[in-house]
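**Q**
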Amino acid sequence: MIAWRKLPSMVLAAALCVLANTPAHALDNGLARTPPMGWNSWNTFHCDVSAKLIEATADIMVSSGMKAAGYRYVNIDDCWLLKQRGPHGELVADPAKFPQGIKAVADYVHRKGLKLGIYESAGTITCAGYPGSLGHEKQDAKEFARWGVDYLKYDNCGDYRGETYPQRYTAMRDALRATGRPIVYSLCEWGNQSPWNWAQAIGNSWRTTQDITPRWHTDQPANGYPQGILDILDQQAALSHASRPGAWNDPDMLEVGNGYLNNDENRAHFSLWALLNAPLIAGNDLRKMSKDVRAILTNREVIAVDQDWGGRQGYRVHRDGNADVWAKPMSDGSVAVILLNRGSGPLHIATSATAIGLKSASSYTVRDLWQHHSSTSAGAIEADVPTHAVAMFRVWAGKAPADTGTPG
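So, in structure tokens, the structure goes:
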């Protein structure tokens, strides 16, 4: 392993270039062997976070069927703490928002069979101006462990004090490891320094782009701020090599149910993130979600694609104008496929079983993961796809095995 802290900037740049073509081992903390699933407060609530909100969200995660579908993490984002550290340099939860502290909230969440996540930044301040963890990594990690935290989202705001990205993120990795508590480590450096080339041995996931916004697409340049669904999707097309069990590309949290995407767009967004092996971190107000949104977030056939133990990220097979074909090899030999209509009018989109990587066969079983029905095909995979929508299938050469991990 390269000793990042001893490298001057020019040597570090050269090392990163080498790493771009060098396979990396995943972080060996034994966590996130499939992409994490959960919820985060930021997309909807921003700084309006509290113990009351987190506990209510945990309740609904259970009662809505999300826990049964695989969601586990209830994550507190920025603004949970006071603007100043305590007398011994410790982080202090805002008593107006968390009157009994973070540990009490963690205990509540744990009693529900769920896990608690928290937020900090690898700089001198967080993105909302609260104390960052740079220079306090060991102290803060010990505090998180003492509170019972299970997941850390580690952002990229504040002054870096001349330290490189790998240096800052490695320091917190080592501090978390030293606590002895299993804590999923989510790097959030916005894709600035191509983390897919160096972060596999540091974190369980790494953000690949700037922040998401609930829009189909924006007019921002590549990795401009903010990013729409298609903007982020296109930047994932060349990154499938970097994703593996325990170490995941993170195209940012879900915007499903946040009000600006229609039902077809919500469904497309969720389908694409599942095909990308993305952490499925919901960002809507679970207390107010519609039946349609709940049905999307708890579609177990789509979730099974994301959570496939083989951990092979989906890739773009073909693009023709506004028609995309994406595929993901599954561990049982099937292939998940998405036919994506990017445009503003309906399209007929078609591909074939061999084009998505299946062996030649006399027939294929085609399972529609949204309509929940199966059919047989001689090899064609096609659908009429509405505006800003997808058709999503799972395809087997011959008959599907009895146990596919999907209902029906």
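Here the sequence shown stands for residues -26 to -1, 1 to 382, where the numbers follow mature numbering (1 follows the signal peptide of the UniProt record, and there is no 0). The beta carbon of each residue, even a glycine, is placed where N, CA and C say it ideally should be. Quantities reported herein were computed from a predicted structural model and do not represent experimental measurements.
Could you check where the beta strand (DSSP E) with His292 kicks off and where it finishes?
**A** Locating residue 292 in the sequence shown gives position 318, counting from the first residue. Note, His292: beta strand (DSSP E), Tyr289 to Asp294.
**Q** With contact counted as at least three CB pairs below 8 Å, one residue from each stretch, are the segment 47 to 65 and the segment 285 to 300 in contact?
**A** Touching, no.
**Q** As a quick exercise: from Val48, Ile76 and Ala212, pick the residue whose alpha carbon is nearest that of Met35.
**A** As a first step, residue 35 is located in the sequence shown; it is residue number 61 there, counting from the start. Ranking the options by Cα distance to Met35, first place goes to Val48.
**Q** Buried or exposed: where does Asp282 fall if 16 or more other Cβ atoms within 10 Å of its Cβ makes it buried?
**A** Here residue 282 is taken as the residue at index 308 of the sequence shown, counted from 1. Label assigned to Asp282: buried.
**Q** For Pro(-4), does the three-state DSSP call read helix, strand or coil?
**A** For the purposes of this step, residue -4 is identified with residue 23 of the sequence shown, where counting begins at 1. Any answer about Pro(-4) is weak, because its pLDDT of 42 lies below 50 and its placement is not dependable; what the coordinates show is given next. Pro(-4): coil per DSSP, three-state reduction.
**Q** Quick one: residues in its chain with C-beta nearer than 6 Å to the C-beta of Lys89, no 5 flanking neighbours on either side, listed in chain order?
**A** Here residue 89 is taken as the residue at index 115 of the sequence shown, counted from 1. These residues qualify, in order along the chain: Arg46, Tyr47 and Asp124.
**Q** To the nearest angstrom, how far is it from the Cα of Val276 to the Cα of Asn315?
**A** Here residue 276 is taken as the residue at index 302 of the sequence shown, counted from 1. Here residue 315 is taken as the residue at index 341 of the sequence shown, counted from 1. When rounded, the distance between both Cα atoms is 18 Å.
**Q** Check this for me: beta carbons of Asn240 and Gly231, under 8 Å apart or not?
**A** Within the sequence shown, the letter at position 266 stands for residue 240. Within the sequence shown, the letter at position 257 stands for residue 231. It is a contact, given that the beta carbons lie within the stated cut-off.
**Q** Could you tell me the distance, in whole angstroms, from the CA atom of Pro219 to the CA atom of Arg181?
**A** Taking the first residue of the sequence shown as position 1, residue 219 is located at position 245. Taking the first residue of the sequence shown as position 1, residue 181 is located at position 207. Distance between the alpha carbons of Pro219 and Arg181 is about 16 Å.
**Q** Our contact map puts Asp51 next to Lys116 with C-beta atoms below 8 Å; I'd like the distance itself, whole angstroms only.
**A** On the sequence shown, position 77 is the one that residue 51 refers to. On the sequence shown, position 142 is the one that residue 116 refers to. Incorrect: roughly 21 Å between the Cβ atoms, too far for contact.
**Q** Taking C-alpha atoms, which residue in Ile355, His346 and Trp344 lies nearest to Ser337?
**A** For the purposes of this step, residue 337 is taken as the residue at position 363 of the sequence shown. The shortest C-alpha separation from Ser337 is found at Ile355.
**Q** In chain order, which continuous runs of the alpha helix (DSSP H) of length 4 or greater are located wholly inside the segment 246 to 276?
**A** DSSP runs (the alpha helix (DSSP H)) wholly in the segment 246 to 276: 265 to 271.
**Q** Quick one: which unbroken alpha helix (DSSP H) runs of 4-plus residues sit fully inside the segment 111 to 184? Chain order, please.
**A** Counting whole runs of 4 or more residues, the segment 111 to 184 contains the alpha helix (DSSP H) stretches 111 to 121 and 139 to 153.
**Q** Helix or strand or just coil, what does DSSP make of Ala327?
**A** Numbered from its first residue, the sequence shown carries residue 327 at position 353. Of the three classes helix, strand and coil, the one that applies to Ala327 here is coil, per DSSP.
**Q** Taking 8 Å as the threshold (C-beta atoms), are Val311 and Val299 in contact?
**A** Your numbering for residue 299 matches position 325 in the sequence shown. Your numbering for residue 311 matches position 337 in the sequence shown. Contact: yes.
**Q** Note down, in chain order, each residue of its chain lying with its Cβ closer than 8 Å to the Cβ of Asp148, except the 5 sequence neighbours on either side.
**A** In the sequence shown, residue 148 corresponds to position 174, counting from 1. Taken in chain order, the residues that qualify are Glu111.
**Q** Among the residues of its own chain, which have a CB less than 8 Å from the CB of Thr361, if the five just before and after it don't count?
**A** Numbered from its first residue, the sequence shown carries residue 361 at position 387. Correct list, in chain order: Asp238, Asn315, Gly317, Ser318, Gly319 and Pro320.
**Q** Taking just the CA atoms, how far does Ser95 sit from Arg268?
**A** Taking the sequence shown and counting its residues from 1, one reaches residue 268 at position 294. Taking the sequence shown and counting its residues from 1, one reaches residue 95 at position 121. Roughly 31 Å separates the two Cα atoms.
**Q** Considering only their Cβ atoms, is the gap separating Gln184 from Asn171 smaller than 8 Å?
**A** One-based indexing of the sequence shown puts residue 171 at position 197. One-based indexing of the sequence shown puts residue 184 at position 210. Contact flag unset, no.
**Q** Short check: CB of Ala216 to CB of Gln174, under 8 Å?
**A** Against the sequence shown, residue 216 aligns to sequence position 242. Against the sequence shown, residue 174 aligns to sequence position 200. Cβ atoms of Ala216 and Gln174: closer than 8 Å.
**Q** Count the other CB atoms, across all protein chains shown, that sit within 10 Å of the CB of His243; report buried if there are 16 or more and exposed otherwise.
**A** Along the sequence shown, read from residue 1 onward, the residue named residue 243 stands at position 269. It counts as buried.
**Q** In three-state terms, what does DSSP make of Asn49?
**A** Here residue 49 is taken as the residue at index 75 of the sequence shown, counted from 1. Three-state result, Asn49: strand.
**Q** Report back the beta-carbon spacing between Ser348 and Val340 to the nearest angstrom; my notes put them in contact at under 8 Å.
**A** As a working mapping, residue 348 is identified with position 374 in the sequence shown. As a working mapping, residue 340 is identified with position 366 in the sequence shown. Right, the Cβ-Cβ distance comes to about 7 Å (below 8 Å), so this counts as a contact.
**Q** Under 8 Å by Cβ, that's how I've got Leu332 and Val279 pegged, so tell me the actual separation to the nearest angstrom.
**A** Locating residue 332 in the sequence shown gives position 358, counting from the first residue. Locating residue 279 in the sequence shown gives position 305, counting from the first residue. With 8 Å as the limit, Leu332 and Val279 do not qualify as a contact, their Cβ atoms being about 15 Å apart.
**Q** Going by C-alpha distance, which of Thr187, His191 and Tyr139 is nearest Ser168?
**A** Start at 1 with the first residue of the sequence shown, and residue 168 comes out as number 194. Closest option to Ser168, Cα to Cα, is Tyr139.
**Q** To the nearest angstrom, how far is it from the Cα of Lys26 to the Cα of Pro375?
**A** Taking the first residue of the sequence shown as position 1, residue 26 is located at position 52. Taking the first residue of the sequence shown as position 1, residue 375 is located at position 401. In a straight line, the C-alpha of Lys26 is about 45 Å away from that of Pro375.
**Q** Can you tell me which of Leu260, Asp259, Asn236 and Tyr289 puts its alpha carbon nearest to the alpha carbon of Trp247?
**A** Counting from 1 along the sequence shown, the entry for residue 247 is found at position 273. The shortest Cα separation from Trp247 among Leu260, Asp259, Asn236 and Tyr289 belongs to Tyr289.
**Q** Are Gln287 and Ser214 touching if we call contact CB-CB under 8 Å?
**A** Residue mapping note: residue 287 aligns to position 313 of the sequence shown, counting from 1. Residue mapping note: residue 214 aligns to position 240 of the sequence shown, counting from 1. Closer than 8 Å, so yes.
**Q** Between the alpha carbons of Gln201 and Thr187, how many angstroms are there, rounded?
**A** In the sequence shown, residue 201 corresponds to position 227, counting from 1. In the sequence shown, residue 187 corresponds to position 213, counting from 1. Their backbone Cα atoms lie some 6 Å apart in a straight line.
**Q** Report buried or exposed for Pro105, applying the criterion of at least 16 other Cβ atoms within 10 angstroms of its Cβ.
**A** Position 131 of the sequence shown, counted from the first residue, corresponds to residue 105. Buried, because 16 or more other Cβ atoms sit within 10 Å of the Cβ of Pro105.
**Q** Based on DSSP bridge pairs, tell me the residues matched to Ser38.
**A** Here residue 38 corresponds to residue number 64 of the sequence shown, with the count starting at 1. According to DSSP, which records beta bridges pairwise, Ser38 is partnered with nothing at all.
**Q** Between Ser24 and Lys77, which are expected to be in contact by the criterion C-beta below 8 Å, what is the C-beta distance as a whole number of angstroms?
**A** Within the sequence shown, numbered from 1, the residue matching residue 24 stands at position 50. Within the sequence shown, numbered from 1, the residue matching residue 77 stands at position 103. Between Lys77 and Ser24 the Cβ distance is about 15 Å, and since that is not below 8 Å, they are no contact.
**Q** How about Trp222 and Pro9: are their beta carbons less than 8 Å apart?
**A** Numbered from its first residue, the sequence shown carries residue 222 at position 248. Numbered from its first residue, the sequence shown carries residue 9 at position 35. Their beta carbons are under 8 Å apart, which means Trp222 touches Pro9 by this criterion.
**Q** Do Leu313 and Ala357 have their C-beta atoms within less than 8 Å of each other?
**A** Residue 313 sits at position 339 when you count from the first residue of the sequence shown. Residue 357 sits at position 383 when you count from the first residue of the sequence shown. Taking 8 Å as the Cβ cut-off, Leu313 and Ala357 qualify as a contacting pair.
**Q** Classify Gly132: buried if its beta carbon has 16 or more other beta carbons within 10 angstroms, exposed otherwise.
**A** Your numbering for residue 132 matches position 158 in the sequence shown. Classification for Gly132: buried.
**Q** Do Ala80 and Trp16 have their beta-carbon atoms positioned less than 8 Å apart in this structure?
**A** Numbered from its first residue, the sequence shown carries residue 16 at position 42. Numbered from its first residue, the sequence shown carries residue 80 at position 106. No.
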